[in-house]
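Anchor point for the sequence shown: position 407 equals 406 in numbering that gives the first Met the number 0, and the numbering is continuous, going up by one each time.
Think of the CB as a built atom: it goes at the ideal place given N, C-alpha and C, for glycine as much as any other residue.
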Amino acid sequence: MDRIRLRGGHALSGEIVISGAKNAALPLMTAGMLTDERLVLSRVPLLADTETMGQLLAQHGVAVERSANDPRTLSIGGAITNTEAPYDIVRKMRASVLVLGPLLARVREARVSLPGGCAIGTRPVDLHLKGLEQMGAVITLDGGYIDAKAPHGLKGATIVFPMPSVGATENLLMAASLADGRTLLANAAREPEITDLCDCLVAMGAKISGIGTDKLTIDGVASLHGAHHEVIPDRIETGTYACAAAITGGSLHLVGGRLDHLGAVVRTLAEAGVEITPTETGLMVKRLNGLHGVDAITEPYPGFPTDMQAQYMVLMSVAEGASLVTETIFENRFMHVPELNRMGARINVHGKSAIVRGVASLSGAPVMATDLRASVSLVLAGLAAKGETIVNRVYHLDRGFETVETKLAACGADIERIAG
Ligand code: UD1
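Shown next as structure tokens:
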């Protein structure tokens with residue numbers, strides 16, 4: 000298993016090109032199942048998760064071809080020949096459940112393994128299933144699988160989510176695009192990745208209004224056609240490298256980074272002493288003077304993203320004063336805390352909140368990555384720490400961050416991957 004070795008204490012400076020957003024690319028790839036024509040997606044990040052999604056689409060009979068000139072451009076299309084999403088693939092990546100809506104809409108049946116628990120909490124899919132049932136699907140749970148059928152096709156419905164769910168909004172958007180009649184999704188999630196999916200669906204011929212808001216109206220059409228769509232830059236990667244610049248006292252130009260996608264991150268980092276300014280091609284990030292402790296609470300977009308919580312906590316670990324970091328989206332998402340404390344951080348968890356008391360510096364240690372965002376937070380901690388840090392189990396990192404070590408090394412970090 001690969002490891003990452005790093006020695007901290009180097010102020011980063013230079014340019015990092017932000018990759019396409021993993022969380023936009025995954026649903027966009029499943030949108031390719033909604034038509035027999037070709038959906039061409041560019042800026043698809045080269046990651047374990049997009050690879051897994053390619054395997055899942057292939058399993059359904061849908062071809063995913065990589066452009067010979069650009070490995071980040073995929074051409075997706077073909078008839079669906081198999082409606083089963085097997086446990087072996089779904090257990091690797093929860094976002095596999097996003098084939099459910101497209102399968103039901105296109106071929107009126109789907110058998111998708113239940114994702115089950117994962118390291119960051121129970122993460123149910125009840126909102127996906129209830130919404131599809133409201134659209135006329137008959138769903139049974141059998142042997143760990145979701146068995147869904149819509150023998151008469153899906154019908155438009157009014158669906159009011161009790162809480163915003165990114166995945167449920169995406170699944171139902173895709174299902175509704177080919178349903179009979181009008182669907183209203185209220186209290187829908189409005190993350191930039193959802194807007195990106197809407198934009199792509201519209202380019203494919205879908206009729207959607209209210210894009211970017213929490214009320215989406217979809218008028219179903221008989222068929223969708225091929226299109227070309229470019230995946231948005233990854234806002235979580237952008238925020239993560241902003242923290243990297245701040246934590247090392249350096250400055251980074253994040254090419255492709257978008258201020259309008261960062262939501263509460265910009266304000267929170269500004270209060271903490273980190274300046275983010277737009278440039279012609281991206282964002283310039285630098286630490287002003289010292290870092291100050293500032294509270295953060297995770298919320299649906301445009302609130303502070305749960306996917307930035309671990310990275311932000313590392314920043315707060317070396318800030319002056321204390322801060323309260325509260326996680327409201329997922330239970331059990333503080334698994335990075337014991338590892339950070341082993342590196343000298345002073346963090347106490349009380350239920351959904353963590354009190355972070357800033358320390359003068361962290362010290363390097365061997366640490367264990369537990370999930371995707373936690374693993375990148377350990378890399379950030381290593382950048383800030385005195386001495387050597389070894390991050391084990393970096394396969395978590397490879398699920399969601401393109402070539403972290405290459406991008407950081409090019410900006411002056413002492414970091415390398417050790418194969419093994
Ligand atoms: C997506 C992101 C993930 C991010 C999360 C929240 C992808 C591939 N993943 O995950 O990186 O951390 O949004 O921004 O885009 N819930 C239910 N029932 C459901 C669905 C969700 O109770 O049927 C709950 C979840 O347990 C959680 C909350 O709703 O507490 C939000 O989850 P959701 O927005 O659905 O997250 P994902 O789409 O799984």
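Quick check on residue i: does DSSP put it in helix, strand or coil?
{"i": "Tyr-300", "result": "coil"}
{"i": "Ala-187", "result": "coil"}
{"i": "Asp-1", "result": "coil"}
{"i": "Asp-259", "result": "helix"}
{"i": "Ser-250", "result": "strand"}
{"i": "Val-378", "result": "helix"}
{"i": "Asn-22", "result": "helix"}
{"i": "Glu-236", "result": "helix"}
{"i": "Arg-266", "result": "helix"}
{"i": "Asn-347", "result": "strand"}
{"i": "Gly-419", "result": "coil"}
{"i": "Ala-412", "result": "coil"}
{"i": "Met-367", "result": "strand"}
{"i": "Glu-50", "result": "helix"}
{"i": "Gly-116", "result": "Low local confidence applies: a pLDDT of 47 at Gly-116 is under 50, so the model's placement there is unreliable, with the coordinate-based value given in what follows. Correct three-state label for Gly-116: coil."}
{"i": "Gly-399", "result": "helix"}
{"i": "Val-111", "result": "strand"}
{"i": "Thr-194", "result": "helix"}
{"i": "Arg-6", "result": "strand"}
{"i": "Thr-157", "result": "strand"}
{"i": "Arg-181", "result": "strand"}
{"i": "Glu-330", "result": "coil"}
Residue i lies in the alpha helix (DSSP H); which residues open and close that run?
{"i": "Asn-68", "result": "Segment: none, Asn-68 is in no alpha helix (DSSP H) and carries neither H nor E."}
{"i": "Ser-360", "result": "Where Ser-360 is concerned, there is no enclosing alpha helix (DSSP H), given that its DSSP letter is neither H nor E."}
{"i": "Lys-129", "result": "125 to 133"}
{"i": "Ile-405", "result": "A small correction: the amino acid at residue 405 is Thr; Ile does not occupy that position in the sequence shown. Element bounds for Thr-405: 403 to 408."}
{"i": "Thr-276", "result": "Thr-276 -> not in any alpha helix (DSSP H); beta strand (DSSP E) instead, spanning 273 to 277."}
{"i": "Val-165", "result": "165 to 176"}
{"i": "Gly-204", "result": "Where Gly-204 is concerned, there is no enclosing alpha helix (DSSP H), given that its DSSP letter is neither H nor E."}
{"i": "Asp-87", "result": "86 to 89"}
{"i": "Ala-104", "result": "99 to 106"}
{"i": "Leu-314", "result": "308 to 316"}
Residue i lies in the beta strand (DSSP E); which residues open and close that run?
{"i": "Ala-226", "result": "226 to 229"}
{"i": "Ala-321", "result": "321 to 325"}
{"i": "Val-43", "result": "Careful: Val-43 lies outside any beta strand (DSSP E) and carries neither H nor E."}
{"i": "Ser-352", "result": "352 to 356"}
{"i": "Arg-37", "result": "Element bounds for Arg-37: n/a, residue is neither H nor E."}
{"i": "Ile-210", "result": "Neither: Ile-210 is in no beta strand (DSSP E) and is coded neither H nor E."}
{"i": "Arg-286", "result": "281 to 286"}
{"i": "Val-16", "result": "12 to 16"}
{"i": "Glu-387", "result": "387 to 391"}
{"i": "Gly-76", "result": "73 to 76"}
{"i": "Leu-140", "result": "137 to 141"}
Thinking just about the alpha-carbon of each residue, which of the options is nearest to the one in residue i?
{"i": "Leu-200", "options": "Asp-213, Val-230, Asn-186, Ala-185", "result": "Val-230"}
{"i": "Glu-50", "options": "Leu-73, Asp-125, Ala-309", "result": "Leu-73"}
{"i": "Ile-235", "options": "His-59, Ala-418, Thr-34, Val-403", "result": "Val-403"}
{"i": "Asp-198", "options": "Ala-174, Ala-244, Gly-143, His-228", "result": "His-228"}
{"i": "Met-367", "options": "Ala-383, Met-342, Asn-347", "result": "Met-342"}
{"i": "Ser-360", "options": "Val-273, Asn-340, Leu-287, Asp-87", "result": "Asn-340"}
{"i": "Arg-266", "options": "Pro-101, Val-293, Met-312", "result": "Val-293"}
{"i": "Pro-161", "options": "His-127, Ala-67, Gly-272", "result": "His-127"}
{"i": "Lys-406", "options": "Ala-295, Val-324, Val-378, Thr-388", "result": "Val-378"}
{"i": "Pro-56", "options": "Ala-94, Ser-66, Arg-42, Asn-22", "result": "The sequence as given places Leu at residue 56; Pro does not occur at that position. Checked all of Ala-94, Ser-66, Arg-42, Asn-22; the closest Cα to Leu-56 is Ala-94."}
{"i": "Ala-244", "options": "Cys-410, Ala-384, Leu-140, Glu-387", "result": "Cys-410"}
{"i": "Met-312", "options": "Ala-84, Phe-329, Ser-352", "result": "Ser-352"}
{"i": "Val-106", "options": "Pro-123, Ile-79, His-349, Asp-213", "result": "Ile-79"}
{"i": "Leu-103", "options": "Gly-143, Leu-33, Ala-62, Ala-24", "result": "Leu-33"}
{"i": "Pro-26", "options": "Arg-181, Pro-101, His-151", "result": "Pro-101"}
Taking C-beta to C-beta, are residue i and residue j nearer than 9 Å?
{"i": "Gly-448", "j": "Gly-281", "result": "Any question about residue 448 goes unanswered here, given that the chain covers just 0 to 419."}
{"i": "Ile-75", "j": "Met-28", "result": "yes"}
{"i": "Met-173", "j": "Ile-158", "result": "no"}
{"i": "Gln-308", "j": "Arg-332", "result": "yes"}
{"i": "Ala-412", "j": "Leu-11", "result": "yes"}
{"i": "Ala-321", "j": "Arg-372", "result": "no"}
{"i": "Leu-290", "j": "Glu-319", "result": "yes"}
{"i": "Met-334", "j": "Thr-369", "result": "yes"}
{"i": "Met-283", "j": "Leu-261", "result": "no"}
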